[in-house]
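Presented below is the structure to which this report refers.
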Amino acid sequence: MIGDEMSEFIGSKRGAWDGEPRPLHLAPMSGVTDLPYRLLAKECGADITITEFTNSTALTREAATSWRRMETHETEVPFIPQIFGGDPGDMATAAEMLAPAADIIDLNFGCPAPKVTNICAGAALMGEPDRLVSMVETIVERVDVPVTAKMRLGTGQSANNSTEICKRLESVGAQRLCIHGRTLKQRYSGEADWSSIKQAVEEVEVPVVANGDVVDASSAKACLTHTGASGLMIGRGAIGRPTVFSDIKVGLGWMELDRLPWVANHDDWHGLSEAGQAFASRKWCWDRYIHLSEATIGLQGKWMQRHAIAFTKGLPGAKKVRTLMHEQATIKDMAEAISGFLASPV
Ligand SMILES: Cc1cc2nc3c(=O)[nH]c(=O)nc-3n(C[C@H](O)[C@H](O)[C@H](O)COP(=O)(O)O)c2cc1C
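Here the sequence shown is numbered in this note's numbering, starting from 30 and rising by one per residue.
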């Protein structure tokens, strides 16, 4: 088995949490985690980022739109593409096609969307554990980069099986496991169940990353204390708020507030109101997002619109952002209009 190489990006299992830094992961999110956004999240304190999930069958057919989602850049280290699919052969072929550029390949067993579960992919595979495990085993055998997997607690139709699946995946060579503490049936409702994640953390030797409802320093602290997980993954809390990673690191004493670029480069950060600070940090993030887009995939209207809505959500005056965007003649103008909005708190 050549998939045995240890990755410097995975590390080893950590024990009970003693307050020390553990890696923070930006969750893979379809329609959110494009390449410049992943690079921005890194600049804002994320340690590990993962692409949005991509259909393995489409990749094997060389579908251009799917390959575009897998775009990376030399500055993206590590590069972790995530794939999903119901066909083990296509999953393995797609993994082989990605392996030369990838540092790690991540497999999705968590997606609850019907268009994914209907092809027995994503979280539906948790209802067919033998199929899931043999799929991972084949992929580990066929690629020479580490393989990791992200799953839910189970389907919610029968008893949760994430701990059992984690144990079996560890035995076939998966090197890191991430659990979102909800079932397929729950989708995004209810609270994430960290106790079930803790059980898996205790029963496997590979690192387990905890995911679900971590949104700030206090929830990060509670989740690490409760689960002893080797790392945390943050999804919705990072939409429009890539600074959530540094908020957590500062809040847990892992880094100094004054080292953050939007603080260090501001004349009077500490004199700003809470809203003023939100505008200032989001302006810094927006300008960097635009810069990182220009430096990599180019300005993409669709992505910019989504992020502009998310970046300005909850800020006073945010309602006018949609109109403001539609009034602009070019996407460059749109980039500047959003930057202008964030420059002048109302
Ligand atoms: C808009 C959106 C898109 C998502 N896309 C993916 C995806 O492509 N791959 C994946 O493994 N999970 C995906 N997820 C699930 C997240 O990675 C994460 O597991 C989930 O949101 C729970 O974490 P949170 O409570 O921090 O948001 C998505 C979630 C959201 C909200």
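The C-beta atom is built at its ideal place from N, Cα and C for all residues, glycine as well.
Just how far apart, CA to CA, sit residue 376 and residue 76? The shown model of the chain, from 30 to 375, leaves out residue 376, and the question about it has no answer.
Check whether the segment 158 to 178 touches the segment 126 to 138, taking contact to mean three or more Cβ pairs, one atom from each stretch, closer than 8 Å. yes
Less than 7 Å between the CB of residue 99 and some heavy atom of ligand 1, yes or no? no
What residues in its chain sit with their C-beta under 7 Å from that of residue 312, if we drop five residues either side in the sequence? 368, 371 and 372
Helix, strand or coil for residue 357, going by three-state DSSP, please let me know. coil
Between which two residues does the alpha helix (DSSP H) containing residue 168 stretch? 158 to 171
Between residue 94 and residue 221, what straight-line distance do the alpha-carbon atoms span, to the nearest angstrom? 33 Å
Identify which residue in 109, 374 and 112 has its Cα closest to the Cα of residue 304. 374
So, do the segment 272 to 279 and the segment 317 to 336 have three or more beta carbon pairs nearer to each other than 8 Å? no
Around the Cβ of residue 41, are there at least 16 other Cβ atoms within 10 angstroms (buried) or fewer (exposed)? exposed
Buried or exposed by the 16-neighbour rule on C-beta atoms within 10 Å, applied to residue 186: exposed
Whole-number beta carbon distance between residue 317 and residue 69, since they are thought to touch under 8 Å: 5 Å
Within 10 angstroms of the Cβ of residue 71, are there 16 or more other Cβ atoms? Answer buried if so, exposed if not. buried
If you draw a straight line from the C-alpha of residue 217 to the C-alpha of residue 143, how long is it? 14 Å
Kindly examine ligand 1 and report whether one of its heavy atoms sits closer than 7 Å to the Cβ of residue 111. yes
Assign residue 58 to one of three DSSP states: helix, strand, or coil. coil
What residue range does the beta strand (DSSP E) around residue 239 cover? 237 to 240
Among 209, 159 and 97, the one whose alpha carbon lies nearest that of residue 141: 209
What do you get for residue 31, buried or exposed, if any count of 16 or more other CB atoms within 10 angstroms of its CB means buried? Because the pLDDT at residue 31 is just 40, under 50, the model does not fix this residue reliably, and the point stays unresolved.
How far does the beta strand (DSSP E) with residue 83 in it extend, from its first residue to its last? 82 to 84
Can you find a heavy atom of ligand 1 that lies under 7 Å from the Cβ of residue 58? yes
Our contact map puts residue 98 next to residue 80 with C-beta atoms below 8 Å; I'd like the distance itself, whole angstroms only. 6 Å
Over what stretch of residues does the beta strand (DSSP E) that includes residue 176 continue unbroken? 176 to 180
Could you spell out the range, first to last residue, of the beta strand (DSSP E) harbouring residue 135? 134 to 138
In angstroms, rounded to a whole number, what distance separates the CA positions of residue 338 and residue 269? 8 Å
For residue 155 versus residue 213, is the C-beta spacing smaller than 8 Å? yes
Between residue 140 and ligand 1, is there a pair consisting of the residue's CB and a ligand heavy atom that are separated by less than 7 Å? yes
Check whether residue 253 and residue 51 have beta carbons under 8 Å apart: yes
Can you tell me the Cβ-Cβ gap for residue 190 and residue 158, rounded? I've got them flagged as a contact below 8 Å. 6 Å
When you measure from the CB of residue 263 to every non-hydrogen atom of ligand 1, does any distance come out below 7 Å? yes
Through-space distance from residue 100 to residue 326, alpha-carbon basis: 8 Å
If you compare alpha carbons, which of 88, 242, 267 and 256 is closest to residue 60? 267
CB residue 262 to CB residue 294, shorter than 8 Å? no
For residue 205 versus residue 238, is the C-beta spacing smaller than 8 Å? yes
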